[in-house]
Structure formats: structure tokens, C-alpha cells
Ligand code: GTP
Ligand code: MG
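Numbering (the numbering used here), first residue to last: 346 to 700.
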């Protein structure tokens with residue numbers, strides 16, 4: 346009996362891994378969608394250069410880190426290489442005016458946001474049935490670097506890392522726990538939770554810690570620091586692929602089940618900070634105690650703590666409220682329960698997860 350149960354569990358895990366791969370593949374953007382987006386980027390770059398001739402418009406976020414899904418928004422960052430330039434707020438206003446005049450986008454400049462951006466939206470058309478949503482920021486070099494870090498992690502073990510991340514992104518959107526504005530967690534936050542789990546929780550680890558690997562040659566402080574933040578990480582992926590082989594042989598199904606289990610009951614939500622750079626840290630040591638903020642008692646800033654890989658004094662999960670965390674943990678538990686309950690067929694378990 347026990348032997349039979351083991352075999353059927355093994356078979357379920359195999360089927361479930363295959364289902365995850367198949368599910369994720371059909372959600373990837375088509376080459377056509379990527380080409381259209383690249384054309385949009387080039388067009389916007391050309392227009393912005395009429396204001397700032399020395400500027401470049403670069404993709405970051407999911408369109409550049411290997412974790413993009415069909416119809417995901419475009420995150421663009423404008424870098425200006427000349428010495429003298431306008432400040433970000435003025436640029437947002439000017440670029441907003443320009444794009445309003447010259448394009449069909451609906452334009453919304455937000456010059457006074459923490460990170461000033463121009464928001465663009467294109468109405469759906471036959472070629473683009475979901476339209477395009479795009480944010481343009483200025484000089485946000487840290488975002489470009491953290492995008493590159495995530496991209497490197499994705500490319501070390503794409504079959505397991507990308508599948509897990511993409512599945513969790515879809516799952517968190519379908520379960521409606523992916524809205525920082527409503528007190529839950531951003532996609533960026535979920536990606537960091539996955540990497541933290543694969544680097545620091547799984548034993549043996551699935552991924553190395555790229556920020557702690559020794560550099561191949563001595564590097565100066567100047568090369569490694571940006572605005573006072575240490576942005577160094579081992580980024581020679583070709584070399585890494587030759588030298589680093591994880592001895593963890595878990596399937597993506599095993600990893601996902603463990604991920605849900607870990608974040609439903611084992612992670613130290615009350616006292617811990619998840620840091621992909623340094624492992625488990627203490628809220629106390631970072632001065633990130635849960636303090637009531639101006640919005641009343643329901644809204645506290647450090648309920649869930651995820652350290653940004655470079656901006657280490659920044660809690661990526663600062664928007665997660667008490668209720669939001671309760672909901673998120675409830676969802677981790679629900680998922681865990683579904684996957685533990687010896688489902689008959691993997692495909693049904695997957696459908697139920699994303700209901
Ligand atoms: P989707 O838009 O849902 O497809 O996911 P995404 O991978 O684009 O993630 P998201 O839109 O949440 O974030 C896009 C990028 O913005 C990230 O890759 C980061 O570079 C940056 N970013 C987002 N949130 C934060 C944050 O709280 N802190 C910092 N430093 N950067 C952030
Ligand atoms: Mg995005």
C-alpha cells in the first residue's frame with residue numbers, strides 16, 4: 346500500500362511538472378508581440394531624442410529579465426549621457442507634452458511621484474488586442490541593474506527558475522494578490538521571494554548567491570558602487586554555467602510545493618527579513634519594526650520584509666498591509682493544501698490552483 350502510494354505520488358509530481366511547463370509556455374509573449382514592443386521603444390526613443398539628443402531608452406522589468414508574460418506592461422528607463430540635464434520632474438512634464446502631441450498614446454505624466462514617470466496607454470487594435478501599457482522613468486539605473494541581476498538568475502537554470510517564477514506571477518494575478526496599491530505584493534516582490542527560497546532555503550541550493558561570489562579580478566569601489574549602493578554581482582553567466590552545477594535535483598513540482606509550504610508556515614514573518622544578498626536577516630537589526638503609519642492601524646509598513654538586492658535600506662514589500670499579508674498567506678496555504686491532497690490528475694490541480 347505504502348509503496349503504491351509512493352509510486353502514485355512520484356507519478357503526480359512528474360505529471361505536474363510537465364503541466365507547469367506546458368501551461369507557462371502558452372503564456373509567453375509571441376515573437377510578434379515582442380517585435381511590436383521593440384518598435385514602440387524605438388519610436389519613443391526617437392521622439393525623446395528631439396528633446397535630449399544624448400538619451401537612450403532602455404527596457405527593464407519583465408520585458409528585459411526573462412519573466413515576461415503575454416501582454417505584460419513595458420517598463421522603460423531613459424538614460425541621458427550628457428553632463429547637463431533637466432531634473433526628472435521637468436523631463437516627465439516635457440516628455441509627457443511631446444508624446445501627447447506626437448503619438449496616439451493616452452499620456453499621463455506623474456512628475457511628483459517618488460520615482461517620476463510618464464504613463465502611456467495604447468487602445469486595443471486588431472494587431473494588439475490588449476493594447477500597450479508602458480511606464481517611462483528617468484535615470485533609474487538601479488532598476489536596470491536589478492533587472493540584470495534577475496535576468497542572470499533566470500538564465501542559470503531557466504527550466505526550473507523561469508517556470509516557477511512565471512507560474513507564480515500568473516497564479517498571484519489570478520488569485521488577486523499582486524497589487525501593491527491594494528496592500529498585496531508586486532511581481533518584483535514575488536520574484537525576490539522565489540530567488541530567496543532557491544538560494545537560501547533549499548538545501549542543497551538550486552541557485553548560487555551571485556552577490557557573494559568572489560570577482561574574477563580585483564575591482565575598484567568606483568566600479569561596484571552606484572549612488573552609494575553596492576551593485577556588484579557575478580554576471581559572467583557563460584562561465585557560471587560551466588563552473589556551477591547545483592546538486593539539487595528536485596523537479597519544478599517539488600520546488601513549487603516546498604515554496605508554498607515554506608511561505609505558508611515556516612518563514613519568520615514577524616521577525617525576519619528575506620534578503621537575497623545576505624539570507625535571513627532580523628527586522629530588529631535593520632530597524633524595520635512594524636510601526637503604525639499615517640494611514641491608521643490597518644496599514645503598517647513592515648509587516649512583510651523583503652530587502653531590495655541593492656537598495657538595502659528599502660523594503661520592497663512596504664506596501665503589504667496586515668490584511669494583505671493575511672490574504673497572501675491564506676493563498677499560500679490554500680495552494681499547499683491543494684497540492685498535498687493527493688489530487689487525481691495534475692492538470693485538475695493546476696486549474697484549481699489558478700481558479
Ligand atoms: P509584470 O509587470 O507583472 O510583468 O512584472 P515585472 O517583472 O515587470 O515587475 P514589476 O512591474 O513589479 O517591476 C518592474 C521593475 O521595476 C523591477 O524589475 C524592478 O527593476 C523595478 N521595481 C519594481 N518595484 C520596485 C521596488 O519596490 N523597488 C525597486 N528598487 N525597484 C522596483
Ligand atoms: Mg512590469
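Glycine residues also receive a C-beta, built at the ideal position from the N, C-alpha and C atoms.
Report yes if the C-beta of residue i is less than 7 Å from at least one heavy atom of the ligand MG; otherwise report no.
i: residue 420; result: yes
i: residue 427; result: no
i: residue 362; result: no
i: residue 417; result: yes
Check for me: the alpha helix (DSSP H) holding residue i runs from which residue to which?
i: residue 634; result: Unbroken run through residue 634: none, as it is neither H nor E.
i: residue 410; result: 407-410
i: residue 364; result: 347-370
i: residue 586; result: 582-588
Specify the secondary structure class of residue i as computed by DSSP and reduced to three states.
i: residue 496; result: helix
i: residue 642; result: Because residue 642 sits at a pLDDT of 48, beneath the cut-off of 50, its placement in the model cannot be relied upon, and the point is left open.
i: residue 382; result: helix
i: residue 534; result: helix
i: residue 606; result: helix
i: residue 683; result: helix
i: residue 674; result: helix
i: residue 689; result: coil
i: residue 435; result: helix
i: residue 429; result: coil
i: residue 419; result: strand
i: residue 402; result: strand
i: residue 571; result: strand
i: residue 501; result: helix
i: residue 443; result: helix
i: residue 396; result: coil
i: residue 658; result: coil
i: residue 696; result: helix
i: residue 651; result: strand
i: residue 424; result: strand
Compare the C-alpha of residue i against each of the options and name the closest.
i: residue 609; options: 670, 492 and 512; result: 670
i: residue 602; options: 484, 625 and 513; result: 513
i: residue 617; options: 652, 415 and 504; result: 652
i: residue 570; options: 420, 431, 487 and 436; result: 487
i: residue 667; options: 527, 619 and 681; result: 527
i: residue 546; options: 607, 656 and 431; result: 607
i: residue 510; options: 429, 483, 407 and 349; result: 407
i: residue 460; options: 429, 493, 649 and 421; result: 421
i: residue 450; options: 442, 457 and 456; result: 442
i: residue 672; options: 551, 553 and 522; result: 522
i: residue 411; options: 356, 533 and 386; result: 533
i: residue 426; options: 419, 445, 434 and 401; result: 401
i: residue 404; options: 424, 414 and 469; result: 424
i: residue 633; options: 647, 465 and 614; result: 647
i: residue 433; options: 419, 462 and 413; result: 462
i: residue 684; options: 354, 563 and 384; result: 354
i: residue 515; options: 535, 500, 525 and 499; result: 535
i: residue 548; options: 604, 582 and 576; result: 604
Examine the ligand GTP and report whether any of its heavy atoms sits within less than 7 Å of the Cβ of residue i.
i: residue 624; result: no
i: residue 406; result: yes
i: residue 492; result: yes
i: residue 384; result: no
i: residue 620; result: no
i: residue 681; result: no
i: residue 526; result: no
i: residue 631; result: no
i: residue 656; result: yes
i: residue 532; result: yes
i: residue 488; result: yes
i: residue 649; result: no
i: residue 578; result: no
i: residue 546; result: no
i: residue 538; result: no
i: residue 412; result: yes
Terminal residues of the continuous beta strand (DSSP E) containing residue i?
i: residue 463; result: 462-467
i: residue 483; result: 477-483
i: residue 619; result: 617-620
i: residue 452; result: 451-455
i: residue 626; result: 624-627
Taking 7 Å as the cut-off, is the beta-carbon of residue i closer than that to any non-hydrogen atom of the ligand PLP?
i: residue 665; result: As far as ligands go, the structure on display features the ligand GTP and the ligand MG and does not contain the ligand PLP.
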